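So the protein lines, in turn, are chains A and B.
What the first sequence shows, in the numbering used here, is residues 36 to 246, in sequence order.
What the second sequence shows, in the numbering used here, is residues 6 to 723, in sequence order.
We treat Cβ as the ideally placed atom computed from N, Cα and C, and that holds for glycine.
Since this is a predicted model, take the numbers as computed values, not measurements.
Notes to accompany the following structure.
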Amino acid sequence: MNPQKLVAQFEQKARAVSAVVKTMAGIDDALAYAVNVCAQKKACAVLASGCEYALSGPAEELCGLKQWEKLMAVPNLSAPDIETLTVLCRDSGIGLIRQGLAAYAGGIDVGLTMADFAIAATGTLVLNCPDEDLRLATMISEVHVAVLRSEDIYANSDDAADRLAGFFAASDYTAFITGASRTADIERVLTLGVHGPLELHVLIIDASTSS
Amino acid sequence: MQTADNLRQYRRQLKAALKNEFQRTALDNFAVAYRDGREASFAGIDRTGLIEQIGTLKDVAMARLDELFDQFREKAEAAGAIVHMARSDTEANELISRIAAENNCTRIVKSKSMTAEETLLNHFLENQGYEVIETDLGEWIIQLRHEGPSHMVMPAIHLSRNDVSRLFSEVTGKQQDTDIEKLVKVARRELRQRFVSADMGISGANFAIAETGTLGIVSNEGNVRLVTTMPRVHVALVGIDKLIPTVSEALLVLSGLPRNATGQAITSYVTWITGANPSAASDTGKKKMHIVFLDNGRSAMAKNPVFAQALRCVRCGACANVCPIYRMVGGHAYGHIYIGAIGLILTYFFHGRDKDKNLIENCLNCQACKQVCVAGIDLPRLIREVQKQIIGGEKGLLLASMAAYVLKRRRLFHAFLRSGRYIQRPLAGKTGYIRHLPEVFFKDHKFKMLPALAEKPFRDRWDPSRFSPAHPKYKIALFSGCLQDFVYPEQLEAGLELLLTANVRIDFIPEQGCCGLPLYMLGEHDAAADLARWNIGHIDPKKYDFILTLCASCGSHMKENYPYLLETDAGVRERAGQFAEKVIDYSSFMVLAGSVGTANAGTKTAKAAYHAPCHLCRGLGVRRAPRALLENAGYEYVPNDEEETCCGLGGSYSFKFPEVSSAILDKKLGTVAETGAEILVTDCPGCVMQLRGGAVKQERPFRVLHMAEALKASLSHV
């Protein structure tokens with residue numbers, strides 16, 4: 036399959052499971068997009084999702100754990116990207132964190148991560164994340180924004196088997212992520228955002244347009 | 006969880022389940038939605054090929070479990086995990102409790118694991134003083150209610166938003182809304198603090214990849230990821246049947262599992278864990294990672310030539326999704342811990358004969374599970390085999406051995422049937438139905454009218470001279486089956502009349518007896534094999550082009566089960582195969598013989614709905630022929646979504662479980678009524694008995710006809 040078709044198939048499959056998919060000209064656009072998502076978020080309601088509801092004592096305390104500013108987790112971004120982000124975030128009143136994410140289990144607004152690759156057939160992102168902070172950024176953030184390079188899309192999981200086996204050759208944690216966290220456990224009604232992100236945004240940096 | 010001591014108690018539990026209106030509606034909606042969702046998710050995929058591949062690769066893996074385990078252990082331990090093997094459920098629970106104690110853990114978060122349900126791990130740990138919190142939403146809900154799951158994938162499908170709202174109000178001490186989205190958010194928040202404070206996480210696993218020592222876990226909610234990340238200790242409890250040689254093979258199974266489970270191309274998350282990963286909460290900076298493999302009878306199963314294939318199961322739950330009984334009674338009444346068809350089988354091996362002895366009887370043999378299984382397990386066959394073992398342990402099951410005695414003696418059996426028509430006279434009059442059944446024996450069986458025996462059986466009405474053309478196109482042996490011979494001879498006569506001009510020679514060999522299916526269904530496999538041998542002995546397949554039957558049940562049994570039952574009998578094995586080859590159902594033969602022309606097509610004389618007998622559509626794989634015949638004969642064929650759902654007869658099933666049989670029948674008749682059909686046509690006298698009996702009793706506005714009767718009625722109009 037040619038690269039454009041792979042991108043198109045990935046987009047279609049990912050959107051089918053409620054992911055937001057955007058094509059970006061380059062990494063700077065992607066960073067700006069993520070900051071914008073974070074800035075546009077309604078602070079409290081979405082920020083500490085669940086805090087507005089009646090909760091038991093201990094669960095309510097958790098809302099207090101959260102610092103009342105917006106937070107973006109950026110565990111695996113490169114140093115130059117962090118610099119760019121720092122400038123963008125300063126203007127938007129957003130804090131950036133790279134480590135120690137476990138302390139923010141109450142909720143991080145946006146987790147911005149780079150994806151290793153994707154699988155077009157199912158609209159799946161693959162993140163090699165033995166690093167605990169990287170893992171947590173994709174779990175406890177209310178919105179997960181993932182950056183994917185268009186040349187890193189495989190047609191199907193079988194094509195990626197060798198690469199996965201490579202990840203698994205040593206101690207490892209790898210995540211397949213397809214859409215947002217979901218459940219249908221109550222009356223089979225599909226509900227997004229149970230234990231993981233409420234939203235997944237995939238930003239595809241298209242090599243052909245960015246070069 | 007089904008725990009009845011005897012069949013009587015079990016039937017009481019089933020009756021109670023049938024009265025649960027919410028569950029009935031929920032499961033009904035699910036059954037329909039699942040069917041469509043699954044179809045859509047497999048679009049563009051060679052599903053048959055995939056099922057075959059999964060079955061084969063699992064069989065190969067199960068044959069080398071020891072080797073795979075050693076390889077997995079070596080790889081996983083090299084990556085920092087500690088791998089254990091538990092021979093029994095108790096051993097697994099004790100191991101896990103010891104790991105918790107050694108690591109000073111007290112608060113445990115858990116993600117869903119059927120294996121942990123199997124070992125009753127939560128109860129064990131709670132009794133030891135540990136706090137165990139289920140974090141999958143459905144599992145948490147049922148844990149709070151002190152219930153077991155009612156479905157392997159959707160454990161709380163039996164509960165309503167109101168039930169959950171009331172429960173969460175109790176748990177949080179604050180009044181909760183009934184809005185599902187809000188309830189989910191409350192759970193998210195309540196459980197998030199549990200992840201933070203937990204010191205141990207317990208998960209299951211869907212895959213244990215030997216070549217890399219990697220666990221693969223599927224989930225939608227994301228709780229698995231938190232369970233395996235936030236606490237400093239992770240214990241995975243994994244059945245040894247989850248061992249799989251390579252990454253590629255795990256990915257292949259993964260391409261079928263979620264599609265078959267929920268109609269998803271893939272779950273939101275698939276988590277792949279190899280060894281011990283970094284963990285900030287751990288004093289060493291590395292996760293304490295333990296993998297406990299559970300045998301609990303699996304390695305013995307793997308060595309059993311009949312039951313090894315049960316280990317192919319990937320726990321997708323599909324066999325429950327399509328089961329007409331599950332749809333009526335739900336998982337608490339249709340499983341001990343494992344639910345659905347696979348549950349009927351695994352319960353015997355994992356939880357013992359006593360827990361399974363009632364459950365195993367609760368199967369219609371409708372084959373819907375076999376058709377849907379993503380690993381190609383012949384579930385109905387294994388259910389019969391377990392039943393045989395259970396009965397074998399209970400010498401002298403009166404009904405079955407009496408039936409075996411009588412049915413094997415054709416003259417005696419036929420003499421019984423002949424004398425029956427004198428006995429029934431005061432009960433039946435001339436109505437064709439048995440009107441006055443003795444209340445004491447039949448109080449649960451009044452949901453349908455039972456047919457009376459015919460005045461004269463087919464065998465006494467048969468005139469061979471009408472079907473002896475000089476140069477026949479085909480030579481046919483007619484297999485009548487007992488029901489059409491003694492109860493519905495008019496079906497056979499109608500069917501044959503349409504073949505008068507087809508230039509076929511038809512022989513009816515009077516020595517033929519019962520096909521043996523009723524005995525097979527009662528677990529009397531030896532007696533069923535005797536009958537197979539008898540019929541094969543009297544009808545020589547080499548002399549005929551076809552062995553024609555108008556009974557889909559006899560047809561399917563002879564085609565599929567005769568070779569199986571006689572597999573080990575070197576003397577007749579070959580002939581059984583030849584016999585099976587020649588068996589053909591009526592609709593298929595009519596299409597082949599071309600006796601129903603297209604002259605009537607499009608005249609739309611009457612609206613006809615169709616009921617596909619289980620033994621025809623799934624047993625014999627015949628789908629197109631009957632619909633084509635109806636249209637060619639001039640009927641306006643009106644399809645409905647439940648055409649291939651069992652009518653609820655299941656041979657002796659409807660006598661064992663009349664309340665379930667009747668509920669399935671009601672549903673069926675209701676669906677047909679909605680089509681506005683004037684006649685309901687089917688290809689099996691058993692289905693006619695059930696459907697007609699119900700339709701007459703309920704005074705439904707349509708008549709029930711065998712295909713032969715329907716064709717004759719339409720074609721004689723011309």
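Beta-carbon proximity list for residue i, same chain, < 6 Å, skipping 5 on both sides
i: P546 (chain B); result: Q583, F584, K587
i: D241 (chain A); result: T58, S185
i: Q102 (chain A); result: For Q102 (chain A), the predicted structure reports a pLDDT of 46, less than 50, and the residue's modelled location is therefore unreliable. A value from the coordinates is still provided. None.
i: F85 (chain B); result: Residue identity differs from the one stated: residue 85 (chain B) is Gly in this sequence, not Phe. Correct list, in chain order: G280, A281.
i: C79 (chain A); result: With a pLDDT of 37 at C79 (chain A), under the threshold of 50, the modelled position of this residue cannot be trusted; read the value that follows with caution. Excluding sequence neighbours, C79 (chain A) sits near nothing in its chain.
i: Q180 (chain B); result: S174
i: A161 (chain B); result: G143, I146, I147
i: I514 (chain B); result: H543, I544
i: F27 (chain B); result: S165
Cβ-Cβ distance between residue i and residue j below 8 Å
i: H356 (chain B); j: S155 (chain B); result: no
i: I50 (chain B); j: M294 (chain B); result: no
i: P523 (chain B); j: A408 (chain B); result: yes
i: L19 (chain B); j: V334 (chain B); result: yes
i: R230 (chain B); j: T140 (chain B); result: no
i: Y567 (chain B); j: A581 (chain B); result: yes
i: A210 (chain A); j: T173 (chain A); result: yes
i: A313 (chain B); j: G345 (chain B); result: no
i: G261 (chain B); j: L55 (chain B); result: yes
i: A713 (chain B); j: L503 (chain B); result: yes
i: V234 (chain B); j: L171 (chain A); result: Per the sequence shown, residue 234 (chain B) should be read as Thr rather than Val. Their beta carbons are under 8 Å apart, which means T234 (chain B) touches L171 (chain A) by this criterion.
i: L183 (chain A); j: Y68 (chain A); result: no
Beta-carbon proximity list for residue i, same chain, < 7 Å, skipping 5 on both sides
i: L497 (chain B); result: F463, S485, Q489, L555
i: Y658 (chain B); result: L369, S666
i: L70 (chain B); result: I245, L248, S304, A307
i: R50 (chain A); result: V56
i: A405 (chain B); result: I396, L527, G528, E529
i: F491 (chain B); result: L422, L458, A459, P462
i: S473 (chain B); result: R510
i: A323 (chain B); result: N265, A266, V377, C378, V379
i: L149 (chain B); result: L172, V176
Same chain, Cβ closer than 8 Å to residue i, neighbours up to 5 away in sequence not counted
i: V70 (chain A); result: M107, L120, L123, C124, S127, I129
i: F707 (chain B); result: A614, V677, A678, A682, E683, I684, L685, A700
Residue i - partner residues in DSSP beta bridges
i: P283 (chain B); result: B:K291
i: R730 (chain B); result: In the structure as shown, chain B begins at 6 and stops at 723. Residue 730 (chain B) is therefore absent and cannot be evaluated.
i: E136 (chain B); result: B:R112
i: A181 (chain A); result: A:T148, A:V237
i: K105 (chain A); result: A:I129
i: D512 (chain B); result: B:A482
i: Y658 (chain B); result: BP columns for Y658 (chain B) are empty, so no partner.
Does the region 252-261 of chain B come close enough to the region 200-210 of chain B that 3 or more CB-CB pairs lie under 8 Å? no
Using a Cβ-Cβ cut-off of less than 8 Å, list which residues of the region 158-179 of chain B approach chain A; keep chain order. M159, P160, A161, I162, L164, S165, R166, V169, V176, T177, G178, K179
At a Cβ cut of 9 Å, what residues of the region 272-284 of chain B count as close to chain A, listed as they run along the chain? T272, S273, Y274, V275, T276, W277, I278, T279, G280, A281, N282, P283, S284
Three or more C-beta pairs under 8 Å: does that hold for the region 71-79 of chain B against the region 98-109 of chain B? no
Check each residue of the region 233-253 of chain B: if its Cβ is closer than 7 Å to any Cβ of chain A, include it; give the result in chain order. T234, M235, V252, S253
Looking at C-beta atoms only, is the number of pairs between the region 286-301 of chain B and the region 220-235 of chain A that lie closer than 8 Å three or more? no
Within 8 Å, do at least three Cβ pairs link the region 593-604 of chain B to the region 619-630 of chain B? yes
Do three or more CB pairs link the region 711-719 of chain B to the region 634-644 of chain B at distances below 8 Å? yes
Does the structure place the region 266-274 of chain B close enough to the region 34-47 of chain B that three or more beta carbon pairs sit under 8 Å? yes
Given 8 Å, three or more beta-carbon pairs between the region 151-166 of chain A and the region 191-200 of chain A: yes
Members of the region 164-182 of chain A near chain B, C-beta cut-off 7 Å: P165, D166, E167, R170, L171, M174
Name, going along the chain, the residues of the region 138-157 of chain B whose beta-carbon falls closer than 8 Å to a beta-carbon of chain A. T140, D141, L142, G143, I146
If the cut-off is 7 Å on Cβ atoms, which residues from the region 68-86 of chain B count as contacting chain A, listed in chain order? A84, G85
Counting Cβ pairs, one atom from each stretch, are 3 or more of them under 8 Å apart for the region 163-177 of chain A and the region 107-118 of chain A? yes
For the region 213-231 of chain A, which residues have a beta carbon sitting closer than 8 Å to at least one beta carbon of chain B? T213, G214, A215, S216, R217, T218, A219, D220, I221, E222, R223, V224, T226, G228, V229, H230, G231
Is the region 86-101 of chain B close to the region 110-128 of chain B, with three or more CB pairs under 8 Å? yes
Could you list the residues in the region 180-200 of chain A with a C-beta less than 7 Å from some C-beta on chain B, going in chain order? S192, D193, A196, L199, A200
Residues of the region 47-68 of chain A in Cβ contact with chain B at a cutoff of 9 Å, in chain order, please. K48, A51, V52
Against chain A, which members of the region 576-595 of chain B pass a CB distance test of less than 8 Å? none
Chain A contacts made by the region 202-217 of chain B, where a contact means CB separation under 9 Å: S202, I214, E216, T217
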